[in-house]
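Chains as they are written, first to last, in numbering that gives the first Met the number 0: chain E, 0 to 246; chain Y, 0 to 265. This report concerns only the one structure given below.
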Amino acid sequence: MIEFQDIHKRFGEREILQGVSLRVPEGTVQFIIGASGAGKSVLVKQLVGLIRPDSGRILLDGEEITHLSERDFYPIRKKCAMVFQHATLFDSMSLLENVALPLRKHRNMNDAEAAGHAQGMLELVQMGEMAHRMPADVGDGLRKRVAIARALTLEPRVMIFDEPTTALDPMAASHVDALIRRLAEEQGVTSIVVSHDLRSIFSIADRVAMIYQGRIRVDGTTDAIRHSEDPVVQQFIQGQPEGPMEL
Amino acid sequence: MNGKDSSEPMFIERLGAPLGDLVRTLREIFVLLGRTVRTVASERADRREVVRQLFDIGVESLLFIGVTLGVLGVISLYQGCTQLERVLPDFSRAGATYLATLVREFGPVICGLMVATRTGSAIAAQVGSMVVTEQVDALRMCNTDPVRYLVVPRFLAGGPMLLMLTIIGVCISFLGGMLTARIGWEVPYSTYVNLTMVHSHDVVMGVLKSLSFGYAIPIIAAHAGLSAHGGSEGVGAATTRSVVNCSFAVIVLDFVISSSVYLVVN
Numbered sequence: 000m001i002e003f004q005d006i007h008k009r010f011g012e013r014e015i016l017q018g019v020s021l022r023v024p025e026g027t028v029q030f031i032i033g034a035s036g037a038g039k040s041v042l043v044k045q046l047v048g049l050i051r052p053d054s055g056r057i058l059l060d061g062e063e064i065t066h067l068s069e070r071d072f073y074p075i076r077k078k079c080a081m082v083f084q085h086a087t088l089f090d091s092m093s094l095l096e097n098v099a100l101p102l103r104k105h106r107n108m109n110d111a112e113a114a115g116h117a118q119g120m121l122e123l124v125q126m127g128e129m130a131h132r133m134p135a136d137v138g139d140g141l142r143k144r145v146a147i148a149r150a151l152t153l154e155p156r157v158m159i160f161d162e163p164t165t166a167l168d169p170m171a172a173s174h175v176d177a178l179i180r181r182l183a184e185e186q187g188v189t190s191i192v193v194s195h196d197l198r199s200i201f202s203i204a205d206r207v208a209m210i211y212q213g214r215i216r217v218d219g220t221t222d223a224i225r226h227s228e229d230p231v232v233q234q235f236i237q238g239q240p241e242g243p244m245e246l
Numbered sequence: 000m001n002g003k004d005s006s007e008p009m010f011i012e013r014l015g016a017p018l019g020d021l022v023r024t025l026r027e028i029f030v031l032l033g034r035t036v037r038t039v040a041s042e043r044a045d046r047r048e049v050v051r052q053l054f055d056i057g058v059e060s061l062l063f064i065g066v067t068l069g070v071l072g073v074i075s076l077y078q079g080c081t082q083l084e085r086v087l088p089d090f091s092r093a094g095a096t097y098l099a100t101l102v103r104e105f106g107p108v109i110c111g112l113m114v115a116t117r118t119g120s121a122i123a124a125q126v127g128s129m130v131v132t133e134q135v136d137a138l139r140m141c142n143t144d145p146v147r148y149l150v151v152p153r154f155l156a157g158g159p160m161l162l163m164l165t166i167i168g169v170c171i172s173f174l175g176g177m178l179t180a181r182i183g184w185e186v187p188y189s190t191y192v193n194l195t196m197v198h199s200h201d202v203v204m205g206v207l208k209s210l211s212f213g214y215a216i217p218i219i220a221a222h223a224g225l226s227a228h229g230g231s232e233g234v235g236a237a238t239t240r241s242v243v244n245c246s247f248a249v250i251v252l253d254f255v256i257s258s259s260v261y262l263v264v265n
């Protein structure tokens, strides 16, 4: 169980999060939606200590992790992996070295062991044959797959996906969606997915929370969201340019 | 009431804002320096990455530094000998004077400014683009300290490589001057090559300057890169900030080291 309790976060003059509270049950696929700049990525990055909240509490399995030091976050980052918006492969390393890096760092494997394990992970996402290519030599969709393989190497219990299907073609996006669903169903992995992709949301989400004006506007099942009477929610999910939403 | 909008910053606030920024930047740079030194002292650096940086900062800058200082040697001796010819046509000290100036001032400062421009901007652009594309966050997710991975190798490579570049640059510049003096004013090589005006404190000053510039530039440039935000515009701004801050640091350190050595010697 992951809990965000009354999270506040300010950047300069602007208070992005103004008391966000959210509970993510174990093994669910929780989507977080909202307009650009609403603070979705800021919220999920706080779970792994990449951004620290100004106030509020974050609990992982009942244990408070809000004020852990950078070093104390190391074991949390083993449990909770993150796939970033830009795929974030390290340009100076081959695809194989990118996937092997967390194994060398978190599990202290030597180069050969880590490479063997990483090759297996790349094959899982159908990238085994391209293991020795450099990130610049493959397209966005393939880079994203490698980033997912890298995140999965440590067998995390929680996966955070920040806009996983942005800039992907529909086929590649469906692959990623299927993978997220499979992780939840077959391995019980809890996934928190930041996304604008309505097709993904309504096909694989268990729950959806919408951030609006720094707070959770709605949190419920996909059906509850689809039938919500809140005009702000309806405007967002129907993608209407005119309506009550203030951008 | 003076009828002005109360939210408009007062004159003193406007005056203080850049000063506040400068103090904050200096504090952040010193914090980064402290973290880097602590990491160097407590953890083994990535040797492969250090070697790569030695090559990038040193070998890759060699042609740039060599040509710049060679041309500077030619121009300096041409100007110097032209003036000498008008006042007292005695060229016996031309080489000795130029060498002393090169060792304690020109060599390290010009090399420092060149490395600040070439390497400082490259470091800021590399680190800045890693920040805005979340690669630095991804490093942290892999339990890799960005300071250890990105800053330490550049810091360790910067000092020795700037010293090496300065030594080579001084030699090339001195040779360029020697050829100019010989061709333009028929100064014999044996007269030009005169080490009597280079004292031990000149050498100490030159070495101190080279090392301090070499260690300062990677820290200042990495700080600019790490504080980048936004997209490509943020990386561009970080690169500009790096070149300005590194060049300014070279000038300030030059002044501090020169005055300190003179105070000690005299």
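Heads up, the beta-carbon is just placed ideally off N, CA and C, and yes, glycines get one too. In this text the structure is predicted, and so the values were computed from the model without any measurement.
DSSP-derived helix/strand/coil call for residue i
| i | result |
| --- | --- |
| residue 235 (chain E) | helix |
| residue 193 (chain E) | strand |
| residue 227 (chain Y) | coil |
| residue 216 (chain Y) | helix |
| residue 45 (chain Y) | coil |
| residue 132 (chain E) | coil |
| residue 74 (chain Y) | helix |
| residue 65 (chain E) | coil |
| residue 245 (chain Y) | helix |
| residue 23 (chain E) | strand |
| residue 258 (chain Y) | helix |
| residue 98 (chain Y) | helix |
| residue 90 (chain E) | coil |
| residue 147 (chain E) | helix |
| residue 7 (chain E) | strand |
| residue 197 (chain Y) | coil |
| residue 42 (chain E) | helix |
| residue 49 (chain E) | coil |
| residue 90 (chain Y) | coil |
| residue 266 (chain Y) | Beyond the ends of chain Y as shown, which are 0 and 265, falls residue 266 (chain Y); an answer cannot be given. |
| residue 14 (chain E) | strand |
| residue 37 (chain E) | coil |
| residue 55 (chain E) | strand |
| residue 81 (chain E) | strand |
| residue 124 (chain E) | coil |
| residue 2 (chain E) | strand |
Contact set for residue i: own chain, Cβ-Cβ below 6 Å, skip 5 residues either direction
| i | result |
| --- | --- |
| residue 11 (chain Y) | none |
| residue 233 (chain Y) | 131 and 227 |
| residue 118 (chain Y) | 56 |
| residue 238 (chain Y) | 120, 123 and 124 |
| residue 165 (chain Y) | 106, 107, 110 and 209 |
| residue 252 (chain Y) | 211 |
| residue 25 (chain E) | 0 and 189 |
| residue 150 (chain Y) | 35 and 221 |
| residue 199 (chain E) | 164 and 176 |
Cutoff 8 Å; reference residue i; Cβ partners in own chain excluding five residues on either side
| i | result |
| --- | --- |
| residue 83 (chain Y) | 89, 90 and 93 |
| residue 4 (chain E) | 20, 55, 56, 57 and 58 |
| residue 67 (chain Y) | 109, 113 and 168 |
Cβ neighbours of residue i in the same chain (closer than 7 Å, five flanking residues each side left out)
| i | result |
| --- | --- |
| residue 133 (chain E) | 93 |
| residue 214 (chain Y) | 154, 157 and 158 |
| residue 101 (chain E) | 149, 152 and 153 |
| residue 60 (chain E) | 0 |
| residue 105 (chain E) | 77 and 153 |
| residue 244 (chain Y) | 219 and 223 |
Test: residue i CB closer than 8 Å to a CB of chain Y
| i | result |
| --- | --- |
| residue 87 (chain E) | yes |
| residue 84 (chain E) | yes |
| residue 49 (chain E) | yes |
| residue 130 (chain E) | no |
| residue 76 (chain E) | yes |
| residue 37 (chain E) | no |
| residue 166 (chain E) | no |
| residue 81 (chain E) | yes |
| residue 211 (chain E) | no |
Proximity test, Cβ basis, 8 Å: residue i and chain E
| i | result |
| --- | --- |
| residue 1 (chain Y) | With a pLDDT of only 47 at residue 1 (chain Y), under the threshold of 50, the placement of this residue in the model should not be trusted; the figure read from the coordinates follows. Output row for residue 1 (chain Y): interface = no. |
Give the residues from the stretch 132-159 of chain E that approach chain Y closer than 7 Å (Cβ to any Cβ), ordered along the chain. none
May I ask you to list, following chain order, the residues of the stretch 134-150 of chain Y that have a beta carbon less than 7 Å from some beta carbon of chain E? 134, 136, 137, 139, 140, 141, 142 and 143
If contact means a Cβ-Cβ distance below 7 Å, which residues of the stretch 118-132 of chain Y contact chain E? 132
Under 8 Å, CB to CB, which of the residues in the stretch 93-120 of chain E have a partner in chain Y? 100, 101, 104 and 105
Just to confirm the assignment: which complete beta strand (DSSP E) runs, minimum length 3, are found wholly within the stretch 151-234 of chain E? Taking only runs of at least 3 residues, the beta strand (DSSP E) segments lying wholly in the stretch 151-234 of chain E are 157-161, 189-193, 206-211 and 214-220.
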